[in-house]
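*Asks:* Sending over a structure as structure tokens; questions will come in a sec.
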Amino acid sequence: MEKLVIIGSGPAGLTAAVYAARANLNPLLIAGNLPGGLLTQTSEVENFPGFPDGINGFELMMNMQTQAEKFGVRIEINTVESVKFSDGGDQIITLDSGETVTARSVIVATGASPRWLGLESEERLKNCGVSACATCDGAFFTDMDVVVAGGGDSAMEEALFLTKFAKSVTVVHRRNELRASKIMAERAMNHEKINFVWNSQIVEVLGDKEVTGIKVRSNADGQEQVIPCQGLFVALGHSPQTELVKGQLELDEAGYIKLQCNTSMTNLKGVFAAGDCADPRYRQAITAAAAGCRAAIDAERYLG
Ligand code: NDP
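Convert by adding 72 to the 1-based position in the sequence shown; the result is the number in the working numbering.
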């Protein structure tokens with residue numbers, strides 16, 4: 073019987089692991105299919121305190137992992153297939169490998185996953201010009217024209233990153249103003265390679281085997297236009313990854329895990345949640361890390 077199993081290896085999961093290990097809970101962390109979480113796919117993280125010159129997202133997460141391992145955290149590179157939670161009893165976790173782990177407590181830190189436009193043509197051309205990760209795929213588009221969908225910080229970050237490779241970057245946003253923070257919006261709007269198409273929705277990704285353009289429709293007058301491009305980067309934010317716990321933990325209408333009274337406690341005793349899967353509001357690396365710390369402290373008190 074494990075004392076504590078942590079599901080997820082982003083800032084929330086790994087911080088929970090550091091705190092739990094230092095409290096002698098000997099945690100087992102199940103890392104999922106992207107060890108280190110989404111931050112490993114980001115380029116520069118400039119707002120994590122302690123790094124005045126910024127730090128590469130992958131490096132930040134590998135540092136957290138090394139720190140957790142230093143305190144004896146066991147990290148298993150596996151995904152969780154299903155869970156059977158109980159209110160204050162044994163928590164049963166079944167891994168993709170078929171192995172079953174029983175624990176007295178669990179911290180769910182499964183994060184969030186990228187949102188897509190939901191078009192058939194987008195699905196068909198994924199990895200053939202359609203991507204949700206400029207850091208991963210940007211270099212494939214050297215000297216080409218690319219489009220970024222979205223108007224938040226992710227979209228600005230993707231657009232700015234892509235200027236290192238692409239000939240031109242066109243941001244298509246469904247409204248007339250950006251949701252992005254002022255500093256990111258200004259950087260993007262002042263960049264000579266970045267153009268904006270406002271108040272427009274992408275209605276089709278064009279191309280047979282590879283992207284050749286996108287069709288956009290104006291929300292103002294319904295007019296359609298084709299923007300020729302070789303790449304489409306979809307940067308529409310993220311949805312919580314809570315499918316695993318649906319039906320067992322209380323979720324809000326957007327699918328985020330509901331927490332009790334400003335703690336990391338879920339509706340079930342012994343089951344805690346931390347990070348983006350339970351945070352519709354802040355969704356930052358630093359807030360996820362802080363939530364991981366809180367969950368480890370709550371788990372320690374519960375077990376005590
Ligand atoms: P956001 O939810 O902030 O932005 C998502 C964007 O996508 C919005 O502009 C939204 O439009 C648009 N959108 C959503 N669904 C659709 C759709 N179906 N069709 C067209 N457009 C759509 O997500 P982000 O990932 O950008 O940011 C999340 C959080 O992470 C924020 O707090 C942000 O500040 C932070 N962040 C910080 C970074 C940094 O500081 N370096 C980098 C990345 C994120 P609309 O505006 O109309 O709703």
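Note that beta-carbon positions come from the ideal geometry of N, C-alpha and C, so glycine has one too.
Quick caveat, the model's predicted, so the values are computed rather than measured.
1. Going by the DSSP bridge assignment, what does Phe305 pair with across the sheet?
2. Tell me, please, which residues DSSP counts as bridged to Asn150.
3. Mind pulling the beta strand (DSSP E) runs of 3 or more residues that sit fully within the segment 99-162?
4. When the distance is taken between beta carbons, is Val178 closer than 8 angstroms to Ile79?
5. Are Gly347 and Pro83 touching if we call contact CB-CB under 8 angstroms?
6. Determine the contact status of Val277 and Leu197, defining contact as a CB-CB distance below 8 angstroms.
7. Run the CB neighbour count on Ile149, radius 10 Å, all protein chains shown included, and call it buried at 16 or more, exposed below.
8. What three-state label does DSSP hand Val180 in the structure shown?
9. I believe Ser253 touches Asp225 by the beta-carbon criterion, under 8 angstroms. Please report the beta-carbon distance rounded to the nearest angstrom.
10. If you compare alpha carbons, which of Gly109, Asn105, Asn96 is closest to Met86?
11. What first and last residue would you give for the beta strand (DSSP E) that runs through Ile266?
12. So, helix, strand or coil for Arg196, using DSSP?
13. At 3 residues or longer, what runs of the beta strand (DSSP E) sit wholly inside the segment 330-357?
14. Starting from Val90, trace the alpha helix (DSSP H) in both directions and tell me its first and last residue.
15. Please classify Gly222: is it buried, with 16 or more other beta-carbons within 10 angstroms of its beta-carbon, or exposed?
16. Taking Leu278 as part of the beta strand (DSSP E), name the residues at either end of that continuous run.
17. Can you tell which of Ile358, Gln273, Arg366 has the C-alpha that lies nearest to the C-alpha of Thr338?
18. Are the segment 176-190 and the segment 356-374 touching, with three or more C-beta to C-beta distances below 8 angstroms?
19. Do Ser272 and Val244 have their C-beta atoms within less than 8 angstroms of each other?
20. Measure from the alpha carbon of Asn119 to the alpha carbon of each residue in Arg246, Gln356, Val283, Thr138, then state which is nearest.
21. In this structure, how does DSSP classify Arg373 when only helix, strand and coil are distinguished?
22. Counting along the chain, where does the beta strand (DSSP E) carrying Lys287 start and finish?
23. So Gly210 and Thr151 are supposed to be a Cβ contact under 8 angstroms. How far apart are they, rounded?
24. Which residue marks the beginning of the alpha helix (DSSP H) containing Glu229, and which one marks its end?
25. Closer than 7 angstroms: is that where the CB of Leu101 sits relative to any heavy atom of the ligand NDP?
26. What does DSSP give as the partner residue(s) for Ala363 in the beta ladder?
27. Have a look at the DSSP bridge pairing and note the partners of Lys318.
28. Would DSSP call Glu258 helix, strand or coil?
29. Out of Ala95, Glu296, Thr335, which one is the CA nearest neighbour of Ile274?
30. Smallest Cα separation from Thr166: which of Ala292, Val77, Gln302?
31. Would you say the beta carbon of Leu232 is closer than 7 angstroms to some non-hydrogen atom of the ligand NDP?
*Replies:* Looking at the coordinates:
1. Taking the first residue of the sequence shown as position 1, residue 305 is located at position 233. Looking at the DSSP assignment, Phe305 forms a beta bridge with Ser203, Val220.
2. Here residue 150 corresponds to residue number 78 of the sequence shown, with the count starting at 1. Answer is none; Asn150 lacks a bridge partner.
3. 100-102, 146-148, 152-156
4. As a position in the sequence shown, residue 79 is number 7, starting the count at 1. As a position in the sequence shown, residue 178 is number 106, starting the count at 1. In this structure, Val178 lies closer than 8 angstroms to Ile79 by Cβ.
5. Here the question's residue 347 lines up with position 275 in the sequence shown. Here the question's residue 83 lines up with position 11 in the sequence shown. Their beta carbons are under 8 angstroms apart, which means Gly347 touches Pro83 by this criterion.
6. Taking the first residue of the sequence shown as position 1, residue 277 is located at position 205. Taking the first residue of the sequence shown as position 1, residue 197 is located at position 125. Contact: yes.
7. Here residue 149 corresponds to residue number 77 of the sequence shown, with the count starting at 1. That one is exposed.
8. Reading the sequence shown from its first residue, position 108 is the one you call residue 180. Residue state, collapsed to three classes: strand.
9. As a working mapping, residue 253 is identified with position 181 in the sequence shown. As a working mapping, residue 225 is identified with position 153 in the sequence shown. 6 angstroms between Cβ atoms; contact.
10. For the purposes of this step, residue 86 is identified with residue 14 of the sequence shown, where counting begins at 1. It should be pointed out that residue 86 corresponds to Leu in this sequence rather than to Met. Minimum Cα distance to Leu86 is reached at Gly109.
11. To locate residue 266, count along the sequence shown from 1; it is residue 194. Unbroken beta strand (DSSP E) run through Ile266: 266-269.
12. What you label residue 196 is simply residue 124 of the sequence shown in a count that begins at 1. Helix at Arg196.
13. 343-345
14. Sequence index remark: in the sequence shown, residue 90 carries index 18 (1-based). Looking at the DSSP string, the run of the alpha helix (DSSP H) that includes Val90 is 83-94.
15. What you label residue 222 is simply residue 150 of the sequence shown in a count that begins at 1. Classification for Gly222: buried.
16. Numbered from its first residue, the sequence shown carries residue 278 at position 206. That run of the beta strand (DSSP E) goes 272-278.
17. Within the sequence shown, the letter at position 266 stands for residue 338. Cα-wise, what sits closest to Thr338 is Arg366.
18. yes
19. Numbered from its first residue, the sequence shown carries residue 272 at position 200. Numbered from its first residue, the sequence shown carries residue 244 at position 172. Going by C-beta atoms, Ser272 is nearer than 8 angstroms to Val244.
20. Here residue 119 refers to the residue found at position 47 when the sequence shown is read from its first residue. It is Gln356.
21. Here residue 373 is taken as the residue at index 301 of the sequence shown, counted from 1. Residue state for Arg373 is assigned as helix, using DSSP reduced to three classes.
22. Looking up residue 287 in the sequence shown gives position 215. Note, Lys287: beta strand (DSSP E), 285-290.
23. The residue labelled residue 210 in the question sits at position 138 within the sequence shown. The residue labelled residue 151 in the question sits at position 79 within the sequence shown. Gly210 to Thr151, Cβ: 27 angstroms. No contact.
24. By 1-based counting over the sequence shown, the position of residue 229 is 157. Element bounds for Glu229: 225-234.
25. Along the sequence shown, read from residue 1 onward, the residue named residue 101 stands at position 29. Not a single heavy atom of the ligand NDP lies less than 7 angstroms from the C-beta of Leu101.
26. Numbered from its first residue, the sequence shown carries residue 363 at position 291. Ala363 pairs with nothing; no bridge assigned.
27. Reading the sequence shown from its first residue, position 246 is the one you call residue 318. DSSP, once it has assigned bridges, lists Leu321 as partnering Lys318.
28. Translated into positions along the sequence shown, residue 258 becomes position 186. Residue state, collapsed to three classes: helix.
29. Position 202 of the sequence shown holds residue 274. Of the listed residues, the one whose Cα sits closest to Ile274 is Glu296.
30. Locating residue 166 in the sequence shown gives position 94, where the first residue counts as 1. The option with the nearest alpha carbon to Thr166 is Val77.
31. In the sequence shown, the residue the question calls residue 232 occupies position 160. It does not: the Cβ of Leu232 is nowhere closer than 7 angstroms to a heavy atom of the ligand NDP.
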